[in-house]
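Worksheet: one structure, shown below.
In my numbering, the protein residues as written are 1405 to 1721.
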């Protein structure tokens, strides 16, 4: 056989062998990602083994849901809470994601039928963590109200690690941090005194620093009118006369009744004769925050951006 022909055939064999090895290597890499588990830390500091880049996820927390949406990972969500779904997450009504109960009571059978790779919960579902863990690895990503930003950042980095989106996540966090810093500088320079409240069927509860809505003080830079309000998840019950006696420049209101679809006929504080005497009313500084965003959601990439922007727009900084 001609030596040149032999050499040519030998070269072809080598190339084909190399291609075969590369194909096998690529397939092996894909399989490694698909089958690999990683260890992450939940919001309680507990370690948990979870699948890397899971394909089937059940999400009970609206903030995590909006985070997956922001990362273009909607297709990985096979189940979520569709009852009282915030309008900004309405795409999940028609996404194919199945209903898995409500925010406080998961439908365990529905979750089981979906055979998820991963379940993500927050504080509202914590009592069901053990039962959900029997179905699939269940990751608790609640927020530490006394350290809102650091716990938010930690949760987001955990999501970035799980879904192989660490670079994108770092960029998103950096943008939010920059926007929040700008808001804080303007809020502090405004010298506005503030009171944050929840309105529930006509009754008010106030929130102080290190509480459910304490980030408006702690992270966004507004000055609390009363530093003695107890830090709690549900707030401290107050009267309309209390609001008048403190007389804040800004009165922030989260209308829980509207958020859960209740009777909001008593939700217009501007009709209350006591509130009409306040500085906030007279200067048009009663700030009604989006209840879907602030009561049902929060702690996600989209919700944090929306919260910051809403404060900018509503307060007029």
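Each residue gets a CB set at the ideal place from its N, CA and C atoms; glycine is no exception.
All figures in this text were calculated on a predicted structure; none of them were measured in a lab.
- Within the region 1557-1638, the complete alpha helix (DSSP H) segments of 4 residues or longer fall at 1570-1594, 1619-1622, listed in chain order.
- Annotation for residue 1692: the continuous beta strand (DSSP E) segment containing it runs 1690-1693.
- When Cβ pairs closer than 8 Å are counted between the two stretches, the region 1601-1613 is seen not to touch the region 1488-1504, the count staying below three.
- For residue 1640, the closest alpha carbon among the candidates 1622, 1448, 1613 is that of 1613.
- By the beta-carbon neighbour count (other beta carbons within 10 angstroms, threshold 16), residue 1702 is buried.
- Taking all protein chains in view, the Cβ of residue 1520 is crowded by 16 or more other Cβ atoms within 10 Å, so the residue is classified as buried.
- Collapsing the DSSP output to three states places residue 1467 in a helix.
- Residue 1483 has 1462, 1502 as its beta-bridge partners, per DSSP.
- For residue 1534, the uninterrupted alpha helix (DSSP H) segment begins and ends at 1533-1537.
- With three or more CB-CB distances shorter than 8 Å, the region 1677-1695 counts as touching the region 1647-1664.
- CA-to-CA, the gap between residue 1453 and residue 1443 works out to about 4 Å.
- Under the three-state reduction of DSSP, residue 1472 is assigned to helix.
- Bridge pairing for residue 1641: 1609 [DSSP].
- Put simply, the region 1449-1468 touches the region 1476-1484. At least three CB pairs are less than 8 Å apart.
- For residue 1707, the uninterrupted alpha helix (DSSP H) segment begins and ends at 1705-1719.
- Scanning its chain for C-beta atoms nearer than 8 Å, with the 5 sequence neighbours on each side dropped, one finds around residue 1697 the residues 1490, 1492, 1707, 1710, 1711, 1714, in chain order.
- Residue 1682 carries a coil assignment under DSSP once its states are collapsed to helix, strand and coil.
- Around the beta-carbon of residue 1569, 16 or more other beta-carbon atoms lie within 10 Å, marking it buried.
- The C-alpha of residue 1440 lies about 6 Å from the C-alpha of residue 1456.
- Note that the C-beta distance between residue 1555 and residue 1468 is not below 9 Å.
- For residue 1699, no alpha helix (DSSP H) encloses it, and the DSSP letter there is neither H nor E.
- Cβ atoms of residue 1625 and residue 1675 stay farther apart than 8 Å, at about 31 Å.
- When only Cα atoms are considered, residue 1450 and residue 1599 end up about 35 Å apart.
- Residue nearest to residue 1473 within the set 1583, 1529, 1563, 1547 is 1563 (criterion: CA-CA distance).
- Per DSSP, residue 1664 has no beta bridge partner at all.
- Counting along the chain, residue 1522 sits inside the beta strand (DSSP E) bounded by residues 1522-1525.
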